[in-house]
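S.K.: Numbering of the sequence shown is given in this note's numbering, commencing with residue 119 and proceeding in unit increments.
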Amino acid sequence: MQSTGSSGINAEYGLLVAIQAIMSATILGNPVADMVEGIVGAPINKLLHWKRLTVRLCFVLLSVAICEAIPRFDLIMSLIGGTTINAAVFILPSIFHFKLAKKDKWWNLKVTFDFLSILFGVGAGVVCTYASLAHIIDEYYNSS
């Protein structure tokens, strides 16, 4: 952000990033809040019902508590990424392809590529998870 030059451009950029963060948090959190509101029995037709407002307030307070409790959120995101992205990119698509692919003359080749992709995904996931945990432990002991 500092490389953009003018402070006016920096302010506009900061405003746009803030708007994007507010909108995406609202859009991503709404389905979860709706589900919890259904569990606690908040009426759907009343926008300002006390149960609905309580659920939304609890979500905001929980978000603030998580942000305050985890000063280095990048470390947590690297751990989540190391454990889930490999499954979403390498392991699960290969499993689905293996289950859905038709048996034809290329079946053995397809199974081999799916197996290698799963093997690579598991290996990369283990390495990434280990590296993330090692970095978290290192930061924890070196920050004291």
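Each residue gets a CB set at the ideal place from its N, CA and C atoms; glycine is no exception.
Got a sec? Which residues, its chain only, sit under 8 Å from Met119 by beta carbon, not counting five neighbours each side?
M.R.: In this predicted model, Met119 has a pLDDT of only 46, less than 50, meaning its place in the structure is not dependable enough to derive any value.
S.K.: For the alpha helix (DSSP H) containing Pro189, name the first residue and the last one.
M.R.: Note, Pro189: premise wrong, no alpha helix (DSSP H); not H, not E.
S.K.: Any idea what DSSP makes of Trp224, helix, strand or coil?
M.R.: Reduced to three states, the DSSP call for Trp224 is coil.
S.K.: Nearest to Leu251 by alpha carbon, out of Ile194, Ala151 and Asn148?
M.R.: Nearest C-alpha to Leu251: Ile194.
S.K.: So, at 6 Å on beta carbons, what are the nonlocal neighbours of His167 in its own chain, with the 5 sequence-adjacent residues on each side left out?
M.R.: Here the set comprises Ala160 and Pro161.
S.K.: In or out: Val173 buried (at least 16 other Cβ within 10 Å) or exposed?
M.R.: It is buried - the Cβ of Val173 has at least 16 other Cβ atoms within 10 Å.
S.K.: Tell me whether Ser261 sits in a helix, a strand or coil according to DSSP, three-state version.
M.R.: If DSSP states are grouped into helix, strand and coil, Ser261 belongs with coil.
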